[in-house]
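Numbering-wise, the sequence shown is residues 13 to 290 according to the working numbering.
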Amino acid sequence: RFQTSVNIRFDIDKISKIDEFIPAKSTLNVLESYLENIFEKKNNKSTLLVGPYGKGKSHLLLVLLALLCKSKDETAEIQKKIIEADNSTKLLFMELAEVGRPFLPVIVSSFQGDLNESFIFALQEALKKTGIRDLPLPSEYSEAVRTMESWKESYPDTYQRFEKMLEERGCTASLFKERLKKQKEAALLEFKEFYPVLTSGSVFNPMVQKEALRVYEEVNRVLCAKYGYAGIYIIFDEFSKYIEGHEAKNFAKDMKILQDMCELADSRKEEQMYLTFV
């Protein structure tokens, strides 16, 4: 039958695409090696998947992400098909069921501008898809406090307006700062509400100004501790196009970012993180 090509970013939520997967022996060998790597918590957490166009790399990874990130009911059909093709995978799926907790899939599929921002943008998009829109990270609390102090020292008019807004809600700046230091989520949400009013429509988003390494480390920790995730699985799709189109002037800097992300993945034991370049 005719099958259209697979785009991981656009097809990740299409169960019909996942069920169309044809479990050939060569692709099952790769799939099994990835699953075994996760269950046995080996150090091969940063991998490069290479193959010619149309070989089925994206479809294979789409199935892998489905198995790791979706419920057992959603993947029942594809599991059945894979077991029929190779009965040894039955044990792998039993181990998968024991893990219980899903991974957060992050797809870095297009490269525009800064690589650091591309990684962070991909993570933010992944969080939005799961409905986690305001993940209260410790870094956001400290950045909100730092912003308040900056307003007080360098922008007195903005700080006075900020104090007035707090006063209207029965709060003082010093009390509000203490609430932020104690990581009170309600205080952070209020600060995010005030920020665009005080900065002509800007959005309070300190994540984009940070290293991707630190952002992923912090987000992964909160996802595992608070939201019941097993970790993060990053797919950098069309990696060869990124390499081919890269300008020479920023190449060393971006290679350092990639190295840092790979080392972060390989260093994680409990809060797992995997990174696959395609």
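Where a beta carbon is used, it is the ideal one built from N, C-alpha and C, also for glycine.
What you are looking at is a predicted structure, and each value in this text was computed from that prediction instead of being measured.
Taking a 10 Å sphere around the C-beta of R113, we find fewer than 16 other C-beta atoms and assign the residue as exposed. With respect to the 8 Å criterion, I95 and K102 are classified as neighbours on the basis of their beta carbons. A198 has its alpha-carbon roughly 21 Å from the corresponding atom of T170. N19 has its alpha-carbon roughly 12 Å from the corresponding atom of I247. For the set C274, K253, A264 and R181, the Cα lying nearest the Cα of I244 is the one of C274.
With a 10 Å radius around the Cβ and a threshold of 16 neighbouring Cβ atoms, R158 comes out exposed.
Listed in chain order, the non-local C-beta contacts of L43 below 7 Å within the same chain comprise L72, V75 and L76, local neighbours out to five positions each way being set aside. Here N99 is exposed, its C-beta having fewer than 16 other C-beta atoms within 10 Å. CA-to-CA, the gap between E110 and Q284 works out to about 16 Å. Put simply, the backbone Cα of Q91 is about 44 Å away from that of A260. For Y228, the uninterrupted alpha helix (DSSP H) segment begins and ends at A224 to K238. The three-state reading of DSSP puts T184 in coil, since its state is none of H, G, I, E or B.
Within the segment 30 to 89, the complete beta strand (DSSP E) segments of 3 residues or longer fall at 58 to 60, listed in chain order. Between the alpha carbons of T288 and G68 lies a distance of about 15 Å.
In the three-state scheme derived from DSSP, where H, G and I count as helix and E and B as strand, V111 is classed as helix. When C-alpha distances from R233 are compared across F115, K57 and E107, the shortest belongs to F115.
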